[in-house]
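Enquirer:
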Amino acid sequence: MRRVRTRFAPSPTGGLHLGGVRTALYSYLFAKHHGGDFVLRIEDTDRNRFVEGAEQYIVDCLNWCGIQADEGPHQPGPYAPYRQSERKDQYRQYAEELVKKGYAYYAFDTAEDLEQMREQYKSPGNPSPQYDRHTRKHMKNSLSATETQVKTWMDEGLPYVIRIKMPENETIIFEDMIRGEIHNESALVDDKVLLKADGMPTYHLAVVVDDYLMKITHAFRGEEWLPSAPVHIKLWEYLGWADHMPEWAHLPLILKPEGNGKLSKRDGDRLGFPVFAMDWKDPQSGELMTGFKEMGFLPEAFINMLAMLGWHSGEEQEIFTKEELIRKFSMERVHKGGARFDFEKAKWFNHEWIKHTDSSTLLPLVQPILEEKEIKEMNVDYLVQVISLVKDRCTLLNDFYTQSVFFFQSPTSLDLEAVQSKWNNEKANFFQVWSDELGQIQEWNAPAIENRFKELATIHQIKAGELQMPYRIMLVGGKYGPAVFLISEFIGVKNCQERIKHFLNVIGN
RNA sequence: GCCGCGUUGGUCAAUCGGUUAAGACGCCUCCCUUUCACGGAGGAAUGACGGGUUCGACUCCCGUACGUGGUACCA
94 MRRVRTRFAP
104 SPTGGLHLGG
114 VRTALYSYLF
124 AKHHGGDFVL
134 RIEDTDRNRF
144 VEGAEQYIVD
154 CLNWCGIQAD
164 EGPHQPGPYA
174 PYRQSERKDQ
184 YRQYAEELVK
194 KGYAYYAFDT
204 AEDLEQMREQ
214 YKSPGNPSPQ
224 YDRHTRKHMK
234 NSLSATETQV
244 KTWMDEGLPY
254 VIRIKMPENE
264 TIIFEDMIRG
274 EIHNESALVD
284 DKVLLKADGM
294 PTYHLAVVVD
304 DYLMKITHAF
314 RGEEWLPSAP
324 VHIKLWEYLG
334 WADHMPEWAH
344 LPLILKPEGN
354 GKLSKRDGDR
364 LGFPVFAMDW
374 KDPQSGELMT
384 GFKEMGFLPE
394 AFINMLAMLG
404 WHSGEEQEIF
414 TKEELIRKFS
424 MERVHKGGAR
434 FDFEKAKWFN
444 HEWIKHTDSS
454 TLLPLVQPIL
464 EEKEIKEMNV
474 DYLVQVISLV
484 KDRCTLLNDF
494 YTQSVFFFQS
504 PTSLDLEAVQ
514 SKWNNEKANF
524 FQVWSDELGQ
534 IQEWNAPAIE
544 NRFKELATIH
554 QIKAGELQMP
564 YRIMLVGGKY
574 GPAVFLISEF
584 IGVKNCQERI
594 KHFLNVIGN
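FYI, the numbering for the first sequence is 94 to 602, going by my numbering.
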């Protein structure tokens, strides 16, 4: 039994999409479940699409998610380098080998030639003709031209690519871990370019060569790769590596919540939720795309949510730690159909995680959020207690601000509407007295404060309940938050008195 | 157009021929709480369609429809 090795092979072209993270996650969970290795490989074979900083960003995202690679550009292992651009020299020999064996050929067509071909063979029945067994004999390549002609072109330095020569008439069958047997007719698959004119491999060649060289045993990727799988199958065969071919798993797509199509970068902005794991600022346009991290997600919740989007344990449990996911994950339980992304459910996962995470663990995450809003110099023990009091009310980490400001600062606005209709002189009177009374309380704790409050209400012949809302508005500013007497205890006498006074001033005029 | 893949409530989904077709999110009602949440109880809501196979089909097969992906010197 070979040691299980999976890889995540993104191309550094921009933000890391949620679907990408899920592919990485499943690969990681599978590898770890089987005690194997998870490899990060950067597929930067397209120099035109290279984006500065994107690689580091991908690494940062995976680290934030807790999906650590055992090998990668930053943790070189025995199969280094892990960037395809740095492996450039290796690919050519395999492409040439294929040409020698007759499984591939040189093609000298220019972009214009290709365009012309598509134009020429276009018909209503075939709107996009391919470079295949029909058309290749009319093109400028080593199959249609004589050996001497090809040599002349070579000597002239004409740019050329190497294309795979797909078999004429063969049913290509392979087993997908999720979908079972997949059949394809070779006649319908085109002669994909393997080596580009600039000497770089295309994905098709690179993925096969690198998976072989890196001893990958299980290859996970998005469903969008299914149509080109036959090319890869043939390549494994032609290169003589069929016995080492990894098992394939084509993961279902993550779809838009509404409408049709797969979830794209643009959808986030449009629908008000993130699509990227972390904030991504496009270096070209300067445009900033919000990430789940910055939106206030816990990484544990994020991967938990992604794991459940397409995989199911079969039990009723939905909240899983990474360790549990590793233990329970299996390909048999990965769903075949695409899943619509539901941000409401994503928030629910985060809420669950916030509720169940220790307040002291939350502390380092909450503190910066408050500090950013100018709440500084706070006592950490006090903050931890505040967090315990309000975390049930926080769906996103950023909610901690609204839910706990009033423990640190007087409310800047008061929801007077909440009290105005029932406000009267008697109540104003009550709070005048209450303010003084607060100073008399010996044991400063919530129960004591509450008792005194109720006693005083009785004396004033007002129902205590009717006084609690105004009191809440005084302390909090709005109709929310933990018990008022608890808040009173936390903020102390002086703050209570100040806030009462301020309220009375505001409502008085 | 052609090819691949898919299809259980609005969404995520369990079921691997025999169930009153789970559960979760969201929604609604009620309880708890004179706030907001949390928590608890309950409710509405599902097998795309048509043929087979079978004693029996959500489950197996075929067709149709629909969805989705691909059809680049991008991944």
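We put the CB at the ideal spot given by N, CA and C, even for glycine.
1) As a quick exercise: from G129, M371, I552 and H167, pick the residue whose alpha carbon is nearest that of M94.
2) With a threshold of 16 other CB atoms inside 10 Å of the CB of K438, please say whether the residue is buried or exposed.
3) Over the uninterrupted beta strand (DSSP E) stretch that includes N277, give me the two end residues.
4) Please state whether DSSP places D304 in a helix, a strand or coil.
5) Using a Cβ-Cβ cutoff of less than 7 Å, which residues in the same chain neighbour S506 once the five nearest sequence positions on both sides are dropped?
6) With DSSP collapsed to three states, give me the class of E603.
7) If L348 sits next to G315, beta carbons under 8 Å apart, how far is it from one beta carbon to the other, in whole angstroms?
8) Within 10 angstroms of the Cβ of S104, are there 16 or more other Cβ atoms? Answer buried if so, exposed if not.
9) Relative to the C-alpha of V114, which residue among V302, E330, M371 and E263 is closest?
10) So, are the CB atoms of S453 and V479 less than 8 Å apart?
11) From the DSSP output, in three-state form, read off K355 for me.
12) Which residue from F366, E380 and H405 puts its Cα closest to that of K386?
13) Can you tell me the Cα-Cα spacing of S178 and N491, whole angstroms?
14) Quick one: grab the DSSP three-state call for M94.
15) Is it buried or exposed, A394, if we count other Cβ atoms within 10 angstroms and call 16 or more buried?
16) If you reduce the DSSP assignment to three classes, tell me which class M382 lands in.
17) Could you pull the DSSP bridge partners for N219 from this structure?
18) Where are the alpha helix (DSSP H) runs, 4 residues long or more, that stay fully inside the stretch 95-138, in chain order?
19) Leaving out the 5 sequence neighbours to the left and right, which residues in its chain are closer than 7 Å to E274 when beta-carbon positions are compared?
20) Any idea which residues DSSP pairs N397 with across the strands?
21) Have a look at K484 and D451 and give me their C-alpha separation to the nearest angstrom.
22) At 4 residues or longer, what runs of the alpha helix (DSSP H) sit wholly inside the stretch 200-266?
23) Can you give me the start and stop residues for the beta strand (DSSP E) that A576 sits inside?
24) Assign L288 to one of three DSSP states: helix, strand, or coil.
25) As a quick exercise: from A102, D153, G108 and G146, pick the residue whose alpha carbon is nearest that of A133.
26) Alpha carbon to alpha carbon, how far is W404 from F422? Give it in angstroms, no decimals.
27) Where DSSP assigns a beta bridge to G315, which residues make up the other side?
28) Using only CA atoms, which one of L328, L560 and L509 lies nearest to E519?
29) Which residues bound the alpha helix (DSSP H) around V526?
30) Report the rounded CA-to-CA distance for E205 versus R229, giving the unit in angstroms.
31) Assuming T198 contacts K258 (C-beta within less than 8 Å), just tell me the rounded distance between them.
32) Using the Cβ count rule (16 or more neighbours within 10 Å means buried), how would you classify S239?
33) Over what stretch of residues does the alpha helix (DSSP H) that includes V459 continue unbroken?
34) Going by beta carbon distance, what residues of the same chain come within less than 7 Å of V512, once the five residues before and after it are set aside?
35) Report the rounded CA-to-CA distance for M424 versus G250, giving the unit in angstroms.
36) Checking 8 Å against the spacing of the C-beta atoms, do F369 and H126 come in under that value?
Expert: Quick look at the numbers:
1) G129
2) exposed
3) G273 to E278
4) helix
5) G570
6) There is no way to answer for residue 603, as the model of the chain reaches only from 94 to 602.
7) About 12 Å separates the two Cβ atoms, so there is no contact after all.
8) buried
9) M371
10) no
11) strand
12) F366
13) 40 Å
14) coil
15) buried
16) strand
17) S216
18) 111-126
19) I266 and E268
20) Answer is none; N397 lacks a bridge partner.
21) 10 Å
22) 204-214 and 240-249
23) A576 -> no beta strand (DSSP E), and no H or E assigned at all.
24) strand
25) With the sequence shown as reference, residue 133 is identified as Leu, and Ala is not the correct amino acid for it. Answer by Cα proximity: A102.
26) 8 Å
27) L344
28) L560
29) N518 to L531
30) 15 Å
31) First, the residue type needs correcting, since residue 198 is Tyr and not Thr in the sequence shown. Contact flag correct, Cβ pair sits at about 6 Å.
32) Checking the sequence shown, residue 239 turns out to be Thr, not Ser. Flag for T239 reads exposed.
33) S452 to E465
34) M562, P563 and I566
35) 49 Å
36) no
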